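Each protein sequence line maps, in turn, to chains H and G. If you count by numbering that gives the first Met the number 0, then the first sequence holds residues 0 to 259, one letter each, in order. If you count by numbering that gives the first Met the number 0, then the second sequence holds residues 0 to 160, one letter each, in order. In this text, a Cβ means the ideal position worked out from N, Cα and C, and glycines have one as well. All values reported here derive from a predicted model rather than from experimental measurement.
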Amino acid sequence: MSEFLASLGRRALGILATLGHATALFVDLVRNCPQSLRRPYLTTAQVHAIGNRSLIIIAASGATVGLVLALQGYITLSRYGAAESLGLLVALALVREMGPVVTALLYAGRAGTSLTAEIGLMKAGEQLAAMEMMAVDPRVRVLAPRFLAGIISMPLLGAIFSAVGVLAAYVVGVLMIGIDSGAFWSQMQDGVDVVKDIGNGVVKTIVFGIASTFIALYIGYESEATPEGVAQATTQTVVVSSLSVLSLDFILTALMFSTP
Amino acid sequence: MSKKQIETLVGLFVLLGILAIVLLALKAANLASFSFNATYPLLARFDNVGGLKVSAPVKSAGVKVGRIASITFDNKTFQGVVTMDIEREYQFPTDTSAKILTAGLLGDQYVGLEPGAEDKNLQPGDSIKMVQSAVVLENLIGQFLYNKAAEPPTKEGSAQK
């Protein structure tokens, strides 16, 4: 019995310690961001690694999601004689939910894992320790630029995802199925609000960018300095960031869109 | 890859992202149709504004000439005061009438203006005198039932009974 209580206590303390470490690192990163901006090239190079290299998978997924949404939406909408609302359906679904969430999930898989693996290997190869020896703070030099790059890249990737998806829906709806082009766009413009829908969508992508980049960096930074440790950390990054993106999305949707 | 090349590629990426946001704002949302034209306010007092909402369109002859700016309740006359922002290029005579209409059978409500024949135009801040309130379906049905009950039963009606 006392063994069970002790293990329970150990686990609870472990969770608390992890939360504490994560919060401390987060505050540290935010505080270090201005300092790392003095060398903007560090951030630019990371935007290239995180953003530019994710562009193809994001655009391709956006196009596919737009195509499929348009095809499936048309089947249901045409039953009620509202096929012209297809543009509105696809645009709202993409801008409010699918764009931010699917982008964040792809981002966690494409960019988050590479961040974790890179930092985990740097730690395993004692590069971070070597930096500290040279009085270079690895948090300023390595972590903060990646954090900033993630926050910059995510909203842009999310917007590209939604825009490509809307264009793909146009291809299916107007060019293939033959919905009137004017009705397609005007219904969309009537129902999509710049601040309420597009603005909130951008806010979502920024929040997801902060969350998944930070989780990737934290898990990499705290990973065990062994090959198995890095492998485990990479897996953990995908699991933890996907789950936190999904739960954050529920909270944000409840806050933003609970009133019609 | 050289530093310059990477910076150019990142610049392209950022530009693409901003273009995507602009495309969404202009093409998918209604930012382009926001009119920044100067407007002037007109007031109208309705006994019942129904389901009218702020920023609903104000139309004359079916053409949009402005938007609803605010809807308030006047505690002295117990009426709904609707303030409309009319675009400056459209002027209406003083005997214009305002109606709360519905777009289609189940559509949103809007205000329709019907111009009269006076020579003088409404000035900014003026009230529209002739108004027609929103049609409330429950009242309409209630009235219909009341009238039906008040009618003396006809011969065929009694024969059927």
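Under 8 Å between C-beta atoms, does residue i make it to chain H?
i: G/F45; result: no
i: G/A68; result: no
i: G/A102; result: no
i: G/A28; result: yes
i: G/L51; result: no
i: G/P56; result: no
i: G/G16; result: yes
i: G/I85; result: no
i: G/K2; result: yes
i: G/I127; result: no
i: G/I5; result: yes
i: G/I20; result: yes
i: G/V13; result: yes
i: G/P152; result: no
i: G/V110; result: no
i: G/L8; result: yes
i: G/Q159; result: Confidence in G/Q159 is poor, its pLDDT being 48 and thus under 50, which makes the residue's placement unreliable; the coordinate value appears in the next sentence. So no, G/Q159 is outside the interface.
Terminal residues of the continuous beta strand (DSSP E) containing residue i?
i: G/G111; result: 108–113
i: G/G65; result: 62–73
i: H/D136; result: It is not in any beta strand (DSSP E) - H/D136 carries neither H nor E in the DSSP assignment.
i: G/V81; result: 78–86
Between which two residues does the alpha helix (DSSP H) holding residue i run?
i: H/E2; result: 1–35
i: H/R287; result: With chain H running from 0 to 259 in the structure shown, residue 287 of chain H is simply not present.
i: G/A149; result: 136–149
i: G/A43; result: G/A43 -> not in any alpha helix (DSSP H); beta strand (DSSP E) instead, spanning 38–45.
i: H/P226; result: 226–256
i: G/T101; result: Unbroken run through G/T101 is the beta strand (DSSP E), 96–101; no alpha helix (DSSP H).
i: G/K3; result: 2–22
i: H/P39; result: 39–49
Quick check: is the beta carbon of residue i nearer than 8 Å to any beta carbon in chain G?
i: H/G50; result: yes
i: H/Y73; result: no
i: H/M187; result: yes
i: H/D196; result: yes
i: H/L251; result: no
i: H/Q231; result: no
i: H/A110; result: no
i: H/A90; result: yes
i: H/V193; result: yes
i: H/L76; result: no
i: H/A54; result: A small correction: the amino acid at residue 54 of chain H is Leu; Ala does not occupy that position in the sequence shown. Chain G contact via Cβ: present.
i: H/V237; result: no
i: H/V165; result: yes
Alpha carbons only, please: which of the options is nearest the one belonging to residue i?
i: H/L88; options: H/P154, H/G65, H/G108; result: H/G65
i: H/Y40; options: H/A148, H/L93, H/F3, H/V173; result: H/A148
i: G/I127; options: G/L139, G/G79, G/T95; result: G/T95
i: G/V80; options: G/S132, G/Q90, G/K119, G/G111; result: G/S132
i: G/N74; options: G/F45, G/P114, G/A60; result: G/F45
i: G/E88; options: G/Q78, G/I99, G/N120; result: G/N120
Against chain G, which members of the segment 18–48 of chain H pass a CB distance test of less than 7 Å? Y40, T43, A44, V46, H47
Below 9 Å between beta carbons is the criterion; list the residues of the segment 149–161 of chain H that meet it against any residue of chain G, in chain order. I151, S152, P154, L155, L156, G157, A158, I159, F160, S161
Extract the residue ranges of the alpha helix (DSSP H) inside the segment 167–227 of chain H, only unbroken runs of 4 or more that lie entirely within it. 180–190, 199–220
Contained alpha helix (DSSP H) runs [length at least 4] in the segment 79–142 of chain H, N- to C-terminal order: 85–91, 98–106, 112–123, 126–132
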